[in-house]
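K.L.:
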Amino acid sequence: MTPDPTAPLLSVDDLVVQYHRPGASPTRAVAGVSLQVRAGEVVGLVGESGCGKSTLARAVCGLTPAAEGRITYDGTQVRPLRVRRRDPALTGVQMVFQDPYGSLNPRRRVGAQIADGIRTATGRGEAADGATPEDLLTRVGLSAEAAERYPQEFSGGQRQRIAIARALAARPRLLVGDEPISALDASAQLQVATLMRSLAVESGAGLLFISHDLSVVRLIADRIAVMYLGRIVETGPTAEVWADPRHPYTRALLAAVPKPDGAGVLPAELPGDVPDPAEPPTGCRFHPRCPQAFDGCDREEPQLIAGGVACRLYAA
Amino acid sequence: MTAGNVLEISGLTLDLGGRRILGGVDLAVRPGQVHGLAGESGSGKTMTGLAALGLLPPGARTGGRIELEGTDLLTLPPRQLAALRGRSVSMVFQDPSTSLHPMLSIGHQLTDHLRHHLKLNRRAAKERAAELLTQVRIPNPLEALGRYPHQFSGGMRQRIAIAIALACEPKVLIADEPTTALDVTVQAGVLRLLRGLCDELGLAVLLVTHDLGVMSAIADEVSVMRHGLVVETGPRGRVLTEPRHEYTRQLLDALPGRSTV
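Protein sequences appear in the order of chains V and X.
Counted from 1, the first sequence has number 1493 at position 279 by the working numbering; the numbering is strictly sequential.
Counted from 1, the second sequence has number 547 at position 127 by the working numbering; the numbering is strictly sequential.
The following block contains the structure:
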């Protein structure tokens, strides 16, 4: 289906997403973001809560309209979902939501909900591969009998596996996970995250994995993008960013992860809260909290340079 | 009960619906110390914490002893237990968005138990509440008292939950995954706050967490639980660097980029 194998599967260019509130200026939750996901690649998007990660994910799936910029999936422009049926070409993008208690229909059997996904795949003209809901449930590590049961009979981790099975049933070429593990029990988080990675990579699909849990993203992502207040501040291969974070915000985020070395060192604190995105600071959005801010940071807004960092410390 | 311990759990067993959940747990918490309780989900960490507050689900059958300064909490009549709960032992839960009441103001939730336990009048309770909010570093405490939980961020809400738990100056604080729902940067602040309160007020903290990084950052003593039993207890540095039990070693080896071998 892809004419050019090197072209990114998903391409987000200068995306702006705004939320309108009565009697106030619009909030730019995503303020000019560019991002690419290639087939078979796992991109981790991290950042503090309120930085616009989820809004970006919703825009990619067409659930929130973009105010400016373009989102293209496999050559097709992603348009917001309205009353009409979604463009069949776009059903190759599937999303796993944060809360498996809200994303599954409580009144329908698990098998029937997964069968919807299988019909979606055949509906866009892909040849039936004979996969049944039972097969998909086995792939996500549940028993085939689960198909006959209702969502409330399962725990949070199991429900999220069902949600993943449903998304995979549509044979997505791009899977978007919006904090898919944060509602799960601590010990189920890593299992579900690695499951998503292996299933996506196995089927050659791209995965955009959004999480605020850096330690999980480190384990599953090939490439990482760090977001702060609606903008991407740093991006690069996970190992490189982890070993040598360049943006002061990335450094602060990584320094705040406590290390299990038994030394009793309290992690470094980043003072202050994320500012209100309706009234972002002038210049670099991070400058009020930045330990390395210098003259001019409050006036000039840095752009993401070729090295993958948006900070005036690295200006050419 | 050994001198120096404020809370001592010995041989605690718990049966729920015909299944054995805890098979004889022994733990001791000292004033001014953070005792970490690690283990995977279903190992009985949370149940141990809840048992110390008498908050077990209906139908739970317990055995053994949970002594708070010599009083056995398991055999205490409900009225006397209620007098201790929130007063001498209090708890902070995992998710600050569900542990606070959405329709009561912060001030209401902070003063309710102050007035009940300490018999403070409205004005004194309000003053104390503002003082507590200052202690957990909430900006504009007096104004914050009139606001509602949804007007605060997750980290702020967890700070408020901690303030509520600390209001009556308890001797023991049970914190069940207090930072799991928070961003790492916010987590760092909450961990510093907990450690500080422990050092300044001589509070004894029983910290239930699956995160060995968090454990390493603030716990003094660490106990590792598995299948309802404590498999290893010891000082933080030793347990995390030279684990003696095979299971602790497995937990540590499962962490990215490290190995005890």
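Don't be surprised by glycine CBs; every beta carbon is placed ideally from N, CA and C.
A quick note: this is a predicted structure, and the numbers were derived from the prediction, not measured.
Output needed for residue 1446 of chain V: all residues of its chain with C-beta closer than 8 Å, excluding positions within five of it in sequence on either side, in chain order.
P.N.:
Sequence index remark: in the first sequence, residue 1446 of chain V carries index 232 (1-based). Beyond the five residues adjoining it in sequence on each side, residue 1446 of chain V comes within less than 8 Å, by CB distance, of 1247, 1248, 1249, 1439, 1440, 1518 and 1524 in the same chain, given in chain order.
K.L.:
Hey, quick one: how far does the alpha helix (DSSP H) through residue 1461 of chain V stretch, first residue to last?
P.N.:
The sequence position of residue 1461 of chain V within the first sequence is 247, counting from 1. Element bounds for residue 1461 of chain V: n/a, residue is neither H nor E.
K.L.:
What's the C-alpha gap between residue 430 of chain X and residue 446 of chain X?
P.N.:
As a working note, residue 430 of chain X is residue 10 in the second sequence. As a working note, residue 446 of chain X is residue 26 in the second sequence. Taking the straight line joining both Cα atoms gives about 4 Å.
K.L.:
The region 586-604 of chain X: which residues have C-beta closer than 9 Å to a C-beta of chain V, in chain order?
P.N.:
597, 600, 601, 602, 603 and 604
K.L.:
In whole angstroms, what is the alpha-carbon distance linking residue 1290 of chain V and residue 1224 of chain V?
P.N.:
Translated into positions along the first sequence, residue 1290 of chain V becomes position 76. Translated into positions along the first sequence, residue 1224 of chain V becomes position 10. Going from the Cα of residue 1290 of chain V to the Cα of residue 1224 of chain V covers about 9 Å.
K.L.:
Could you tell me if residue 524 of chain X is buried or exposed, where buried requires 16 or more neighbouring beta carbons within 10 angstroms of its beta carbon?
P.N.:
For the purposes of this step, residue 524 of chain X is taken as residue 104 along the second sequence, with counting starting at 1. Under this definition residue 524 of chain X is an exposed residue.
K.L.:
List in chain order: all unbroken alpha helix (DSSP H) runs of 4+ residues lying wholly within the region 486-523 of chain X.
P.N.:
498-504 and 516-519
K.L.:
Determine, using beta carbons only, whether residue 1467 of chain V comes closer than 8 Å to chain X.
P.N.:
Your numbering for residue 1467 of chain V matches position 253 in the first sequence. For residue 1467 of chain V, the answer is yes, since a Cβ of chain X falls inside 8 Å of its Cβ.
K.L.:
Confirm, please, whether the CB-CB distance from residue 611 of chain X to residue 634 of chain X is below 8 Å.
P.N.:
Numbered from 1 along the second sequence, position 214 holds the residue referred to as residue 634 of chain X. Numbered from 1 along the second sequence, position 191 holds the residue referred to as residue 611 of chain X. Cβ atoms of residue 634 of chain X and residue 611 of chain X: closer than 8 Å.
K.L.:
Are the beta-carbon atoms belonging to residue 1432 of chain V and residue 1448 of chain V less than 8 Å from one another?
P.N.:
If you number the first sequence from 1, residue 1432 of chain V lands on position 218. If you number the first sequence from 1, residue 1448 of chain V lands on position 234. In this structure, residue 1448 of chain V does not lie closer than 8 Å to residue 1432 of chain V by Cβ.
K.L.:
Would you check if there are 3 or more beta carbon pairs closer than 8 Å linking the region 504-521 of chain X to the region 539-549 of chain X?
P.N.:
Short answer: they don't touch.
K.L.:
Check each residue of the region 1452-1476 of chain V: if its Cβ is closer than 7 Å to any Cβ of chain X, include it; give the result in chain order.
P.N.:
Contacts with chain X (Cβ-Cβ distance below 7 Å) from the region 1452-1476 of chain V involve 1466, 1467, 1470, 1471, 1472, 1473, 1474, 1475 and 1476, listed in chain order.
K.L.:
Using a Cβ-Cβ cutoff of 8 Å, what residues of the region 502-517 of chain X are near chain V? List them in chain order.
P.N.:
none
K.L.:
Which of helix, strand or coil does DSSP assign to residue 430 of chain X?
P.N.:
One-based indexing of the second sequence puts residue 430 of chain X at position 10. Note: residue 430 of chain X maps to strand in three-state DSSP.
K.L.:
Just to make sure I have the definition right: I need the residues of chain V whose C-beta is within less than 7 Å of the C-beta of residue 441 of chain X. Which are they?
P.N.:
The residue given as residue 441 of chain X occupies position 21 in the second sequence. Near residue 441 of chain X there are no residues of chain V at all, since even the closest Cβ is about 16 Å away, more than 7 Å.
K.L.:
Can you confirm whether residue 1447 of chain V, when its beta carbon is compared against all beta carbons of chain X, has any partner nearer than 8 Å?
P.N.:
Sequence index remark: in the first sequence, residue 1447 of chain V carries index 233 (1-based). Not one chain X Cβ lies under 8 Å of residue 1447 of chain V.
K.L.:
Over the uninterrupted alpha helix (DSSP H) stretch that includes residue 538 of chain X, give me the two end residues.
P.N.:
Residue mapping note: residue 538 of chain X aligns to position 118 of the second sequence, counting from 1. Judged by DSSP secondary structure, residue 538 of chain X falls within the alpha helix (DSSP H) whose first and last residues are 526-538.
K.L.:
Taking only three categories from DSSP, how would you classify residue 1442 of chain V?
P.N.:
Against the first sequence, residue 1442 of chain V aligns to sequence position 228. Here residue 1442 of chain V sits in strand by DSSP.
K.L.:
Among V:1313, V:1402, V:1407 and V:1411, which residue has its Cα nearest to the Cα of residue 1365 of chain V?
P.N.:
Taking the first sequence and counting its residues from 1, one reaches residue 1365 of chain V at position 151. Ranking the options by Cα distance to residue 1365 of chain V, first place goes to V:1313.
K.L.:
Rounded to the nearest angstrom, what separates residue 1304 of chain V and residue 1338 of chain V at their Cα positions?
P.N.:
Reading the first sequence from its first residue, position 90 is the one you call residue 1304 of chain V. Reading the first sequence from its first residue, position 124 is the one you call residue 1338 of chain V. Those two C-alpha atoms are separated by around 9 Å.
K.L.:
Once the 5 residues before and after residue 1499 of chain V are set aside, which same chain residues still bring their CB inside 7 Å of it?
P.N.:
Walking along the first sequence from the start, residue 1499 of chain V turns up at place 285. Once the five neighbours on either side are set aside, the close Cβ partners of residue 1499 of chain V are 1442, 1443 and 1445.
K.L.:
How about residue 645 of chain X and residue 594 of chain X: are their beta carbons less than 8 Å apart?
P.N.:
Counting from 1 along the second sequence, the entry for residue 645 of chain X is found at position 225. Counting from 1 along the second sequence, the entry for residue 594 of chain X is found at position 174. Not closer than 8 Å, so no.
K.L.:
Nearest chain V C-beta to residue 638 of chain X closer than 8 Å, yes or no?
P.N.:
In the second sequence, residue 638 of chain X corresponds to position 218, counting from 1. Taking Cβ atoms only, chain V reaches closer than 8 Å to residue 638 of chain X, which makes this a yes.
K.L.:
Residues of chain V with CB closer than 8 Å to the CB of residue 660 of chain X, please, in chain order.
P.N.:
Residue mapping note: residue 660 of chain X aligns to position 240 of the second sequence, counting from 1. 1474, 1475 and 1476, listed in chain order.
K.L.:
Taking the alpha carbon of residue 1481 of chain V as the point to measure from, which residue in X:673, X:591 and X:637 has its own alpha carbon closest?
P.N.:
The residue you call residue 1481 of chain V lines up with position 267 of the first sequence. Nearest option by C-alpha distance: X:637.
K.L.:
Give the single residue among X:603, X:613, X:601 and X:535 whose Cα lies nearest to the Cα of residue 557 of chain X.
P.N.:
For the purposes of this step, residue 557 of chain X is identified with residue 137 of the second sequence, where counting begins at 1. Measuring from the Cα of residue 557 of chain X, the nearest candidate turns out to be X:613.
K.L.:
Do you know offhand how far residue 1476 of chain V's Cα is from residue 1509 of chain V's?
P.N.:
Walking along the first sequence from the start, residue 1476 of chain V turns up at place 262. Walking along the first sequence from the start, residue 1509 of chain V turns up at place 295. C-alpha separation (whole angstroms): 40 Å.
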